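Novice: There's a structure below that I have some questions on.
In my numbering, the protein residues as written are -11 to 275.
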């Protein structure tokens, strides 16, 4: 894999000490994300151009826009999953509570411990037990929990994900034995087990039935009491139901990069957008 250049920033380059993995070391953490002039590339192709955006803590922010406008690419750049793709890179400035996520010496593992991710397709480890799926992030980092501490953490996270009552009698069963909606909630439990400040969700309900979708939406609203939540969705009604703020992205033509068109409180953006393209998209005239 080719090396990717760190994101340059005008703010001081804070090292790994500014992004501790251990949640108990994160004094005063809020989960405030700031993007300044962010560009995302796949090789020489500019996929997302010049995005500057504030993502407030303890709230749900929705990314909306037509397919191909860079919503998911930008989401992955926030927790440094974008650079895992061969030749992909980003520049500009992305900070978490003032700490540069691409600063010199910052370990991507530390970033991903602070900025969790839930994907479009539920991805529990299918042969791993439900219990071990919840603890997977800690196990991978070599932070195995003792039986009692691990059991308490599993129960707490599954309760947060509204899954405990459904699986408490089969915690040793494979995670892959659950239904689609249950698997997605298991992935959310796994994400919160490492106690991040931010949860990124990329179309988390796209493959789910209406009942499971409603459960995930209710969960998003509850999680926003303790986490910064960013969700990519094509569902305008869902964005209206779950988000406090919405950012609309679009493209001007084939092969052009995605750009942030407008952002603001969801109620304002949906009822009185400032840009005609935003109104056209919300009203279903394109996309």
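Every residue, glycine too, gets a C-beta built ideally from N, C-alpha and C. These numbers come from a predicted model, not from an experiment.
Out of 159, 225, 245, which one is the CA nearest neighbour of residue 258?
Specialist: Looking at the Cα atoms, 225 is the closest of the given residues.
Novice: What separation, rounded to the nearest whole angstrom, lies between the Cα atoms of residue 206 and residue 39?
Specialist: Taking the straight line joining both Cα atoms gives about 29 Å.
Novice: Measure the beta-carbon distance from residue 163 to residue 121 and round it to whole angstroms, keeping in mind my assumption that it falls under 8 Å.
Specialist: At roughly 4 Å, the Cβ-Cβ gap stays under 8 Å, so residue 163 and residue 121 are in contact.
Novice: Quick check: what's the CA-CA separation for residue 194 versus residue 112?
Specialist: The straight-line gap from Cα to Cα measures roughly 17 Å.
Novice: For residue 27, count the other beta carbons within 10 Å of its own beta carbon; 16 or more makes it buried, fewer makes it exposed. Which is it?
Specialist: Buried: at least 16 other Cβ atoms inside 10 Å.
Novice: Where residue 24 and residue 117 are concerned, what is the direct C-alpha to C-alpha distance, given to the nearest angstrom?
Specialist: Spanning the two alpha carbons is a distance of roughly 41 Å.
Novice: Does the segment 182 to 192 touch the segment 97 to 109, meaning 3 or more C-beta pairs lie closer than 8 Å?
Specialist: The segment 97 to 109 vs the segment 182 to 192: in contact.
Novice: Would you kindly report the start and end of the unbroken alpha helix (DSSP H) that includes residue 121?
Specialist: First-last of the alpha helix (DSSP H) with residue 121: 118 to 122.
Novice: Considering only C-alpha positions, which residue in the set 242, 217, 140 is nearest to residue 49?
Specialist: It is 217 whose Cα lies nearest to the Cα of residue 49.
Novice: Assuming residue 254 and residue 232 form a contact by the criterion Cβ under 8 Å, report the distance between their Cβ atoms to the nearest whole angstrom.
Specialist: That pair is a contact at about 6 Å.
Novice: Under a Cβ-count criterion, where at least 16 other Cβ atoms within 10 Å of its own Cβ denotes burial, should residue 103 be classed as buried or exposed?
Specialist: Classification for residue 103: buried.
Novice: Near residue 65, which residues of its chain fall below 6 Å by C-beta distance, leaving aside the five closest residues on each side in sequence?
Specialist: Around residue 65: 28, 78.
Novice: When you compare each of 247, 251, 172 to residue 55 by their alpha carbons, which one comes out closest?
Specialist: Residue 247 is the option with its Cα nearest to residue 55.
Novice: Along the beta strand (DSSP E) that carries residue 83, what are the first and last residues, could you check?
Specialist: Segment 76 to 84, the beta strand (DSSP E) holding residue 83.
Novice: For residue 85, does the count of other Cβ atoms within 10 angstroms reach 16, so buried, or fall short, so exposed?
Specialist: Residue 85 should be labelled buried.
Novice: Run the CB neighbour count on residue 31, radius 10 Å, all protein chains shown included, and call it buried at 16 or more, exposed below.
Specialist: Exposed.
Novice: Determine the DSSP secondary structure at residue 125, reduced to helix, strand or coil.
Specialist: Note: residue 125 maps to helix in three-state DSSP.
Novice: Would you kindly report the start and end of the unbroken beta strand (DSSP E) that includes residue 167?
Specialist: Note, residue 167: premise wrong, no beta strand (DSSP E); not H, not E.
Novice: By alpha-carbon positions, which one of 150, 74, 42 ends up nearest to residue 83?
Specialist: Nearest option by C-alpha distance: 42.
Novice: Using a Cβ-Cβ cut-off of 8 Å (strictly less than) and excluding sequence neighbours within five positions of residue 100, which residues of its own chain qualify?
Specialist: 67, 68, 69.
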